[in-house]
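Protein chains: 2
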Amino acid sequence: MNDLSSPLHSLKVTCSNCSLRELCLPVGLNRDEMAQLDAVIRQSRRFKRGEYLFRSGEGFRSLYAVRTGYFKTCVSSQDGREQVTGFHMSGELMGLDGISSNTHGCDAIALEDSEVCELPFSRMESLGRDIPSLQHHFFRLMSREIVRDQSVMLLLGNMKAEERLAAFLLNLSQRLASRGFAANDFILRMSREEIGSFLGLKLETVSRTLSKFQQQGWIRVDHKHIQLVRPEELKALVAGCSQANSAG
Amino acid sequence: MNDLSSPLHSLKVTCSNCSLRELCLPVGLNRDEMAQLDAVIRQSRRFKRGEYLFRSGEGFRSLYAVRTGYFKTCVSSQDGREQVTGFHMSGELMGLDGISSNTHGCDAIALEDSEVCELPFSRMESLGRDIPSLQHHFFRLMSREIVRDQSVMLLLGNMKAEERLAAFLLNLSQRLASRGFAANDFILRMSREEIGSFLGLKLETVSRTLSKFQQQGWIRVDHKHIQLVRPEELKALVAGCSQANSAG
DNA sequence: GATCTGCATTGACGCTCATCAAGCAAGCTC
DNA sequence: GAGCTTGCTTGATGAGCGTCAATGCAGATC
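Protein chains in written order, with this note's numbering: chain A, 1 to 248; chain B, 1 to 248.
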C-alpha cells in the first residue's frame, strides 16, 4: 500500500516549533534556498473546530499546509448535497483546486482545533523558478493529488460498502503510522456522517458496517475510538483494489 | 456550466496542421518563446483504435495532448475491475498523474484512430522556469484536473443513475460545442460499458436510462448517435448539482 | 448472401443499501 | 439532577440498481 494521500517527503511532526519546510517541503535545499523559503512562508494560523479555513468561491491566494489538527474539504451543490472530498492531517496541503480559476473550489473546515501554515501561491511560484527542485516538488504534489482522486473514483465507482470502509480504515491507519502514531489504535476525528459523505454511503450504513466488522472480531469500536484487531482481514477485503486503499 | 474538463484556453481545431501551442498552450507568448516551445514539442504520433498511448506502471517521461480523436483513461485493480477516469478529446492533456511517481498511474487507450502531441515533461519544466506564463499555465492545467476530479467524486458519491447520465450527456455536449461541433447532435465514441464504468453504473443501467430519456422525449438514441431534444429537461435533472455537470 | 461476433436492448429477479423510525448514550445548560 | 441536544446504533421496509438471461441489430468476414 503506497502512501498516496500524504504527499510529503520529509515529515517530522515531533518538534512543536518545526518550520514548514520540515513539514511539507523537500529536503535537498541549501541554506540560502531555505532562507528564501522561510521568507515566503507566513506565520501559522490557528483554527477552532468547525471554523472555515476557506470557502468555495472565495478568492484564491494561498495554499495551506496542516501543521497540527485535522481538516475536511468538501464540495457542495446548490441543493445542499455535500461531498467530502478528503480528510487532511499534518503535513498535507489544501487549496490546490483554487489555482485553476483563482477561486477556491471547495470548503476547508477544521475538524478539531488546528494550525496551518500559509503559502502565498504567487510567491511560491516565482520561488519555484529560482529553485528547480522546489518547482518540481510542487508539480509532484499536484500530481499526487490527482492520483489520490483517481483512487477515490475507483472506490466510489467500483467498491461495495464493506470494501469502502475497510479501505478507509486502512488508509487512515497507514497515514497515522507514517506520522509515528499507532497504526491499529486511533481516534476518528470525523463523524459517521462525514465518513459516509466521503465514501458515498449514508451514516447508517457506515455505522452498521463498523458494527459488522466488530462482530466478526476484525475491529473494536467505541464511539470514535477504533482498534484494528485483524487488519489482515480488512486487507483481504480490499485485495485486488490496490489503487483504492489510498483514499484519504 | 463551466468547462472544467477542457482546460485549454486558446482552442482552435479548425486548421489541420495546427501546432500544439494553438491546441493547448496559452496565448501571450512572444515569438522567441513560441520558438522555444516548438523546439520542445515532439512531432505528433498516431494511434489506431484500441491502441495504448501508455500503460499504468510504465515509466513517465511525457505528457500527451490530444490533437485529433478520442481517448479514455482508466485505472484497474488487480482483480480486473476497471474504472474509467475520463474521456479526452482534442486539446486535452493526459498523463498528469505520472509526475508524482515518475510512473504512469493509469492506462490511456484510443477510442478511435487518433493523433497526439508529446510534451517531454522535464523539458517543459525547465522551459517553464524561463517563461513564467508557461509555468503558471501548467499549474492551472493540473489544478483544473483536480477540480474536475472533485466534481466526478460528487457525481459518484451523491447522484442517482439518471442524474449521472444527464450530467454526462450535458458535459459531452458542452465540450463538443466549445470545439465548434453541434451541441445537440453527436456520436458517442465509447461503448455503454465504458460510459457505465465512468459513471459507476452497469452497462444495462446506462442502456435502460438512455431508453427512458428517449421515451420521455428528451433525447433521441440511435446506437451511438445521440440527439438532445430537450436539453433543458436534462439540466433540470442535474440542477443543484452545479459542480457535477463537468464530468468528462 | 450466410454466418459470426460484438454490442445493445429488454425483462425478470434479487441483493445492497437508502429511508424511515425508534431508542440509547454522552455531553451540554440550567 | 432534569431536560435538552447531538451523534450513534439498530431494526423494518422498500427502491434502485446489479445480475442473469434471452433476444435483436449491425458491421465484418468469407
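Idealized CB from N, CA, C, for every residue including glycine. In this text the structure is predicted, and so the values were computed from the model without any measurement.
Examine chain A for any beta-carbon lying closer than 8 Å to the beta-carbon of residue i, and answer yes or no.
| i | result |
| --- | --- |
| B/ASP97 | yes |
| B/THR209 | no |
| B/ASP107 | no |
| B/MET153 | yes |
| B/ALA236 | no |
In whole angstroms, give me the CA-to-CA distance for residue i and residue j.
| i | j | result |
| --- | --- | --- |
| B/ILE146 | A/ASP149 | 7 Å |
| B/ARG81 | A/SER122 | 41 Å |
| A/GLU58 | A/CYS106 | 9 Å |
| A/GLU204 | A/ARG192 | 8 Å |
| A/SER77 | A/ASP185 | 35 Å |
| A/LEU199 | B/LEU165 | 20 Å |
| A/CYS117 | A/ALA39 | 13 Å |
| B/ALA239 | B/LEU176 | 21 Å |
| A/GLN214 | A/ALA167 | 16 Å |
| B/ILE109 | B/THR68 | 14 Å |
| B/LEU37 | B/GLY98 | 21 Å |
| A/GLU22 | B/GLY86 | Confidence is the limiting factor: at A/GLU22 the pLDDT is only 49, short of 50, which leaves the residue's position unreliable, though a coordinate-based value still follows. So the alpha carbons of these two residues sit roughly 35 Å apart. |
| B/GLU194 | A/ASP32 | 52 Å |
| B/VAL66 | A/PRO231 | 43 Å |
| A/SER133 | B/GLU125 | 11 Å |
| B/GLN227 | A/HIS137 | 45 Å |
| B/PHE60 | A/GLY50 | 41 Å |
| B/ARG144 | B/SER62 | 19 Å |
| B/PHE139 | A/SER100 | 7 Å |
| A/LEU111 | A/MET89 | 10 Å |
| A/SER173 | B/TRP218 | 47 Å |
| B/GLY28 | B/MET34 | 9 Å |
| B/VAL84 | B/PHE54 | 15 Å |
| B/TYR64 | B/PHE47 | 12 Å |
| A/LYS202 | B/ASN30 | 54 Å |
What in chain A is Cβ-close to residue i, meaning under 7 Å?
| i | result |
| --- | --- |
| B/PRO120 | Those do not exist, as B/PRO120 stays about 14 Å from chain A at its closest Cβ, beyond 7 Å. |
| B/GLU145 | ILE146 |
Taking residue i as the query, report the chain A residues whose CB atoms sit under 9 Å from its CB, ordered along the chain.
| i | result |
| --- | --- |
| B/HIS225 | Chain A residues near B/HIS225: none, gap ~26 Å exceeds 9 Å. |
If the cut is a Cβ gap below 8 Å, which residues of chain B does residue i touch?
| i | result |
| --- | --- |
| A/ARG140 | ILE99, SER100 |
Along chain A, which residues have their Cβ under 8 Å away from the Cβ of residue i?
| i | result |
| --- | --- |
| B/ARG55 | Within chain A, no residue comes near B/ARG55; the closest Cβ sits about 14 Å away, beyond 8 Å. |
| B/ASP250 | Only positions 1 to 248 of chain B appear in the structure, and residue 250 of chain B is not among them; the question remains open. |
Hey, is residue i's beta-carbon within less than 8 Å of any beta-carbon in chain B?
| i | result |
| --- | --- |
| A/GLU22 | Residue confidence is low: A/GLU22 scores 49 on pLDDT, short of 50, so the model does not pin down where it sits. No coordinate-derived value is stated. |
| A/GLN289 | There is no way to answer for residue 289 of chain A, as the model of chain A reaches only from 1 to 248. |
| A/GLN215 | no |
| A/ASP149 | yes |
What residues from chain B crowd round residue i, counting only those whose CB sits closer than 7 Å?
| i | result |
| --- | --- |
| A/ARG129 | ARG129, PRO132, GLN135 |
Can you name the residues of chain B whose CB is closer than 9 Å to the CB of residue i?
| i | result |
| --- | --- |
| A/GLU325 | The structure shown does not extend to residue 325 of chain A, since chain A is modelled only from 1 to 248, so the question has no answer here. |
| A/ASP38 | In chain order: nothing, as chain B lies at least about 21 Å away. |
Using a Cβ-based criterion (distance less than 7 Å to any ligand heavy atom), does residue i qualify as near the ligand NAP?
| i | result |
| --- | --- |
| A/ARG61 | Only the bare structure without any ligand can be found here, which leaves the ligand NAP out of the picture. |
Of all the beta strand (DSSP E) runs that stay within the bounds of the stretch 89–149 of chain B, which reach a length of 3 or more residues?
Taking only runs of at least 3 residues, the beta strand (DSSP E) segments lying wholly in the stretch 89–149 of chain B are 107–110, 114–120.
Within 7 Å of chain B by C-beta, residues of the stretch 157–186 of chain A in sequence order:
If the cut-off is 7 Å between Cβ atoms, the stretch 157–186 of chain A has GLY157, ASN158 near chain B.
Could you give the uninterrupted runs of the beta strand (DSSP E) lying entirely in the stretch 149–234 of chain B, keeping only those of 3 residues or more?
Listed in chain order, they are 185–187, 219–222, 225–228.
In chain order, what residues of the stretch 68–92 of chain A put their CB closer than 7 Å to some CB of chain B?
Here the close residues are VAL75, SER77, GLN78, ASP79, ARG81, GLN83, THR85.
Of all the residues that make up the stretch 192–208 of chain A, which are near chain B by a beta-carbon distance shorter than 9 Å?
Residues passing the 9 Å Cβ filter: SER197, PHE198, LEU199, GLY200, LEU201.
In chain order, which continuous runs of the alpha helix (DSSP H) of length 4 or greater are located wholly inside the stretch 28–60 of chain B?
If we require 4 residues or more, the alpha helix (DSSP H) runs fully inside the stretch 28–60 of chain B come out as 31–40.
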